[in-house]
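Colleague:
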Amino acid sequence: MLGLLYAVVGGGIRAGTPILYATLGEVIAERAGIVNLGVEGAILAGACAGFITTAHTQNPWLGIAAAALAGGAASLVHAFMVVTLRANQIASGLALMFLCLGVTSFVGRPYVAVKINAVPQLAIPGLSDIPVVGGLFFQHDALVYGAYLLAPLIWIVLTFTKWGLALRAVGERPDVAFAAGLSPAAIQYAAVVAGGILAGLAGAHLSLAYARSWVEGMSNGRGFIAVALVIFATWHPLRSVVGALVFGAVFALQLQIQARGVALSPYFLDMTPYLLTLAGLLLWGRTRRYAMPEALKSVFEGVT
Amino acid sequence: MRRLGSGARHLDCSVTGVYLRLEGITKSFPGILANSNIHLEVGRGEILALLGENGAGKSTLMKVLYGFYRPDAGTISIDGRPVVLDSPSDAIRAGIGMVFQSFMLIPAFSVAENIALALPRLGVWLDSGQIRERLRDLASRYGLAADADAKVWQLSGGEQQRVEILKLLVSGARILILDEPTSVLAPHEVDGLFTVLRTLRDDGYTIVFITHKLREVMAIADRITVLRKGSVVGTVPRDGTSEEDLAEMLVGLRDVRATSFSRAAQASEARTVLSVDDVSVRGERGRAGLSHVSLHVDAGEIGGVAGVTGNGQSELGEVVLGRLSPDHGHVYLEDVDVTRWSTAKILAHGVGVIPEDPLRMGVAPGLTVTENMVLNERRRFMPGAGLYADWRAIRRAIEARIENFGLAIPRLTLPVGTLSGGNVQRLLLLREIGRRPKLLVAFYPTRGLDIAATRMAHDLLVAARNAGAAILVVSEDLDELFALCDRLVVFSRGTVVGTFKSGDVDAVEVGLRMTGGGKREAWSPSPA
Ligand SMILES: Nc1ncnc2c1ncn2[C@@H]1O[C@H](COP(=O)(O)OP(=O)(O)OP(=O)(O)O)[C@@H](O)[C@H]1O
Ligand SMILES: [Mg+2]
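Read top to bottom, the protein sequences are chains A and B.
Residue 827 is where the first sequence starts when you use this note's numbering, and the numbers rise one by one after that.
Residue 34 is where the second sequence starts when you use this note's numbering, and the numbers rise one by one after that.
1. Buried or exposed, going by whether 16 or more other CB atoms sit within 10 Å of the CB of F62 (chain B)?
2. When the cut-off is 8 angstroms and only beta carbons count, does L44 (chain B) lie next to chain A?
3. R857 (chain A) CB to nearest chain B CB: under 8 angstroms?
4. Let me confirm a value: S173 (chain B) is counted as buried when at least 16 other C-beta atoms fall within 10 Å, else exposed. Which label applies?
5. What residues from chain B crowd round G1007 (chain A), counting only those whose CB sits closer than 7 angstroms?
6. When burial is assigned at 16 or more other CB atoms within 10 Å of the CB, is H361 (chain B) buried or exposed?
7. Can we count K246 (chain B) as close to ligand 2, meaning its CB is less than 7 angstroms from some heavy atom?
8. Between which residues of its own chain and Y1015 (chain A) is the CB-CB distance below 7 angstroms, once the five residues before and five after are set aside?
9. For H966 (chain A), name the three-state secondary structure that DSSP assigns.
10. Are the region 871–886 of chain A and the region 1020–1034 of chain A in contact at 8 angstroms, needing three or more beta carbon pairs?
11. Which whole runs of the beta strand (DSSP E) in the region 341–406 of chain B are 3 residues long or more, in chain order?
12. Within 8 angstroms (strictly less), CB to CB, does A995 (chain A) reach chain B?
13. Check whether the Cβ atoms of L233 (chain B) and T215 (chain B) sit closer than 8 angstroms, and answer yes or no.
14. Taking the DSSP output, what are the residues bridged to V132 (chain B)?
15. Quick one: is the Cβ of D483 (chain B) within less than 7 angstroms of any heavy atom of ligand 1?
16. Leaving aside the five residues before and after A1070 (chain A) along the sequence, list all residues of the same chain whose C-beta is less than 7 angstroms from its C-beta, in chain order.
17. In the DSSP assignment, the alpha helix (DSSP H) including I504 (chain B) goes from what residue to what residue?
18. Against chain B, does W981 (chain A) count as a neighbour if the rule is that its beta carbon must be under 8 angstroms from one of theirs?
19. State the CB to CB distance for the pair V132 (chain B) and D212 (chain B), rounded to an integer number of angstroms; the pair is presumed to be in contact (CB under 8 angstroms).
20. State buried or exposed for A500 (chain B), treating a residue as buried only when at least 16 other CB atoms are found within 10 Å of its CB.
21. Assuming G355 (chain B) and I387 (chain B) make a contact with CB atoms under 8 angstroms, what is their CB distance in whole Å?
22. V813 (chain A) touches chain B at which residues, Cβ-Cβ below 8 angstroms?
23. For S293 (chain B), name the three-state secondary structure that DSSP assigns.
24. On the criterion of 16 or more Cβ atoms from any shown chain inside 10 Å, does A1012 (chain A) qualify as buried, or is it exposed?
25. Which residue's Cα is closest to the Cα of R126 (chain B): B:V314, B:V457, B:V203?
26. Beta carbon of T451 (chain B): closer than 7 angstroms to some heavy atom of ligand 1?
27. I need the straight-line Cα distance from D288 (chain B) to G273 (chain B), nearest angstrom please.
28. Any Cβ of chain B within less than 8 angstroms of the Cβ of R912 (chain A)?
29. Spatial neighbours of R553 (chain B) within its chain, please: CB distance less than 8 angstroms, with the 5 preceding and 5 following residues excluded, ordered by chain position.
30. Using the beta-carbon of each residue, which ones in chain A are nearer than 7 angstroms to F438 (chain B)?
31. How would you label A145 (chain B), buried or exposed, when you count the other beta carbons within 10 angstroms and need 16 or more for buried?
32. For N68 (chain B), which beta-bridge partners are listed by DSSP?
33. Report the rounded CA-to-CA distance for S1045 (chain A) versus S918 (chain A), giving the unit in angstroms.
34. Can you tell me where the alpha helix (DSSP H) holding A106 (chain B) begins and where it ends?
35. Taking only runs that begin and end inside the region 510–537 of chain B, name each unbroken alpha helix (DSSP H) of 4 or more residues, in chain order.
Structure follows, in structure tokens:
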């Protein structure tokens, strides 16, 4: 039993990492008033670009950089569609997702069985020697630490700096931000691209550290889970960590149950994270709307 | 009726030491010339009032000055130097600040955060200590106190306005533009604002002030520029003019004598149309709530609700209209208990509404004037299954109604979102009174209307009353309430603090009760 708990917590931290990156990225975009349903696509773009780069250079760090670039570039398309062309955010996001799915499946096909140098494990000296805790929290790859450090960092930037203030102002009332001398369009571009870079990192963790392989469509709906998590987290970076850990734990539990040969249909197990999302939306989706940035309401409810 | 002197009138009062100069400003929107070759000069340490009827182009001119709109022609110079204002940030850099007709504050942000947005040289880290200190300075200098940590949605209209002015001051603006700043204020708050503005003027600020109220113009302005249909009619010094002169300049040669309404005597045994019985609503998110409110309005009666905005009036309206269900108590419409009815059902029962926030709750800004006019009366204007609408006939019907009521709305085919503030209000009055409701709930019915239109609106309301409608008017304008109402209910903190027959009470008494009593000096009675 303790072994299971250990595996679920440790696995949850790892499985929660890509979800956390994606969620933080979406928090940034949505706090600026833009919903990016294309995160799913940006994750795939990151996973694919990161994997291909690493396969050719055998350098996972270059792979991570490529993933970030690919995620940012994919989201730049979304920013151009919705900010410059004023396209519908939902439609543009979905289109981007399918576009990325198609492109990465095609480009990634030759790399499906390729072996790569994964992102190395990084045991924190000293801390990792603590019994139980050390193994659980301080023996991961660098991207894991990055995600959990990024959450408070983003919170600080959003809350206590002028950039965060400007970004939140645009997400609440773009007209007010404009009257205050800010450029809502530039800020939204920056936010969406920053969100895309984080989604790209989510992809990098998936293909370069978590699965260490490329499979088409390997993001498996994590992008959409991230979009839902943003609502549970009430658009708050720190609360995103909790959500990501819960979902990570569910993924890990699912693997454990399968590994221990419990007689549950694997198809049912595969469904659990998504069922959890639906249940969460039912329970909290409506009541938490008060925290929604005002400008998003026009996207979701059709009113301004 | 006197005639207007002539166009040459403004020549004899050019200011010395012009600080802000607009020359030949022209701005057109598709199908309308909103500003046509406008010249305007304001000195340092001067308050200029900009007067004009609804749609005269005041807001447009000020938005040009603030870089919101680019003018088609014309130049702007500040302190003798020409400036190009292509965006609000250019204007801010040139030292221009504006308080818009609808506030530009972010409700979810704290006061300090809203102020920080306006700070020109903001460090990377939000230094709340520095902001607080600035606020304390300004509070002691100008009497503009504000709680830095309060969220803006918690503030009353008057407090929000104070934050707006603070924003301008911290941003280093030397030219302050205020677009109808008094329309959201209670009477005693207007006096407070004027005190602040006078101090600012004496400190050398240049102030442009838009209003429809001549009394305010005479109280605060040094000079007055009047716009009509996008052009300057004239500029006059305050000390050489009178309210009557101004009224004439405003509307041209039309007759502006006050119509005295003929008030039909009320039937002695009038039916009660609306009855609110011991209603309570919990206040949340900074709202006042209601506690044990009872009132009634009879057929052929105008009942007034007096109170400072945010003391439960909007909750009362929402309860009556079925948008908020009370925790306690009942609402009756002609003896039918409608407490749990849906809004649609209540409206269909013959209730008309002029909402508090017209653009948000009264009209669909993207639809045209015509479409908005028929929105609530689809059955009347589109008989049959609704598959076909004869828009030409509809337009004729609406034009007839406009003709009848005398409240003009220009350009029926344009989206309502592009109308001036006052014209949106006209549309609502026409639509809701035109439905001949049994009960009309009217929030601030003349907010943003010019003088002539205000009189027209009052006439319409009284005519509807004389025809037997029950009318509930919610307003902060005591002059208006006294002119219109048969009975007055005074609200403070979500409770009824007084009910009067309108002949039995004076404005001072009502003003005192509105503000919770005690502060007699805070509100000075109107000279009218
Ligand atoms: N964005 C816009 N697009 C089209 N027309 C507009 C736009 N803004 C204003 N107008 C038109 O320009 C004219 C002047 O409007 P403006 O808002 O300046 O009037 P105003 O003097 O401020 O009136 P009010 O006292 O009612 O606020 C109106 O006829 C209005 O319909
Ligand atoms: Mg206006």
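Backbone N, C-alpha and C fix where the C-beta goes; we use that ideal spot for every residue, glycine too.
Modeller: To lay it out plainly:
1. What you label residue 62 (chain B) is simply residue 29 of the second sequence in a count that begins at 1. So F62 (chain B) ends up on the exposed side.
2. Start at 1 with the first residue of the second sequence, and residue 44 (chain B) comes out as number 11. Because the pLDDT at L44 (chain B) is just 39, under 50, the model does not fix this residue reliably, and the value given afterwards should be weighed accordingly. False, the Cβ-Cβ gap to chain A never drops below 8 angstroms.
3. Against the first sequence, residue 857 (chain A) aligns to sequence position 31. False, the Cβ-Cβ gap to chain B never drops below 8 angstroms.
4. Taking the second sequence and counting its residues from 1, the one referred to as residue 173 (chain B) is at position 140. S173 (chain B) is exposed by the Cβ-count criterion.
5. Counting from 1 along the first sequence, the entry for residue 1007 (chain A) is found at position 181. Going along chain B in sequence order, the residues near G1007 (chain A) (Cβ under 7 angstroms) are P121, S122, I125.
6. Residue mapping note: residue 361 (chain B) aligns to position 328 of the second sequence, counting from 1. That one is exposed.
7. Mapped onto the second sequence, residue 246 (chain B) falls at position 213. No, the beta carbon of K246 (chain B) sits no closer than 7 angstroms to any heavy atom of ligand 2.
8. Taking the first residue of the first sequence as position 1, residue 1015 (chain A) is located at position 189. A905, V909.
9. For the purposes of this step, residue 966 (chain A) is taken as residue 140 along the first sequence, with counting starting at 1. It is a strand residue.
10. yes
11. 361–366, 384–387
12. Your numbering for residue 995 (chain A) matches position 169 in the first sequence. Yes - at least one Cβ of chain B is within 8 angstroms of the one on A995 (chain A).
13. Position 200 of the second sequence, counting from 1, holds the residue named residue 233 (chain B). Position 182 of the second sequence, counting from 1, holds the residue named residue 215 (chain B). No. Outside cutoff.
14. Stepping through the second sequence from its first residue, residue 132 (chain B) is reached at position 99. Bridge partners of V132 (chain B): B:L211.
15. Within the second sequence, residue 483 (chain B) is the residue found at index 450, counting from 1. True, at least one ligand heavy atom lies under 7 angstroms from that Cβ.
16. Position 244 of the first sequence, counted from the first residue, corresponds to residue 1070 (chain A). Cβ neighbours of A1070 (chain A) beyond the five flanking positions: G842, I845, L846, T849, L1055.
17. Looking up residue 504 (chain B) in the second sequence gives position 471. Run containing I504 (chain B): none in the alpha helix (DSSP H); it sits in the beta strand (DSSP E), 503–508.
18. In the first sequence, counting from the first residue as 1, residue 981 (chain A) sits at position 155. No - not a single Cβ of chain B is within 8 angstroms of the one on W981 (chain A).
19. Counting from 1 along the second sequence, the entry for residue 132 (chain B) is found at position 99. Counting from 1 along the second sequence, the entry for residue 212 (chain B) is found at position 179. Contact holds; Cβ gap of about 6 angstroms.
20. Taking the second sequence and counting its residues from 1, the one referred to as residue 500 (chain B) is at position 467. Counting Cβ neighbours within 10 Å, A500 (chain B) comes out exposed, since fewer than 16 surround it.
21. Translated into the one-based positions of the second sequence, residue 355 (chain B) becomes position 322. Translated into the one-based positions of the second sequence, residue 387 (chain B) becomes position 354. That pair is no contact at about 16 angstroms.
22. Absent from the structure is residue 813 (chain A), since the part of chain A shown begins at 827 and ends at 1130.
23. The count along the second sequence starts at 1 and reaches residue 293 (chain B) at position 260. Since pLDDT at S293 (chain B) reaches only 48, below the 50 mark, its modelled position is unreliable, and no value is offered.
24. As a working mapping, residue 1012 (chain A) is identified with position 186 in the first sequence. Flag for A1012 (chain A) reads exposed.
25. For the purposes of this step, residue 126 (chain B) is taken as residue 93 along the second sequence, with counting starting at 1. For the residues B:V314, B:V457, B:V203, the minimum Cα distance to R126 (chain B) belongs to B:V203.
26. Your numbering for residue 451 (chain B) matches position 418 in the second sequence. The answer is yes for T451 (chain B).
27. Here residue 288 (chain B) is taken as the residue at index 255 of the second sequence, counted from 1. Here residue 273 (chain B) is taken as the residue at index 240 of the second sequence, counted from 1. Note that D288 (chain B) scores a pLDDT of 49, beneath 50, so its modelled location is shaky; the value from the coordinates is reported in the next line. If I take the Cα positions, the gap works out to 22 angstroms.
28. The residue labelled residue 912 (chain A) in the question sits at position 86 within the first sequence. Cβ-Cβ to chain B under 8 angstroms: no for R912 (chain A).
29. Here residue 553 (chain B) refers to the residue found at position 520 of the second sequence. Bear in mind that the predicted position of R553 (chain B) carries a pLDDT of just 36, short of 50, making it unreliable; the figure below should be weighed with that in mind. Correct list, in chain order: V541, L545.
30. The residue given as residue 438 (chain B) occupies position 405 in the second sequence. Those within 7 angstroms of F438 (chain B) in chain A number zero; the least Cβ separation is about 30 angstroms.
31. Translated into the one-based positions of the second sequence, residue 145 (chain B) becomes position 112. Under this definition A145 (chain B) is a buried residue.
32. Residue 68 (chain B) sits at position 35 when you count from the first residue of the second sequence. Answer is B:K60.
33. One-based indexing of the first sequence puts residue 1045 (chain A) at position 219. One-based indexing of the first sequence puts residue 918 (chain A) at position 92. Between S1045 (chain A) and S918 (chain A), the C-alpha separation is close to 19 angstroms.
34. Numbered from its first residue, the second sequence carries residue 106 (chain B) at position 73. It is not in any alpha helix (DSSP H) - A106 (chain B) instead sits in the beta strand (DSSP E) that spans 106–111.
35. 511–517
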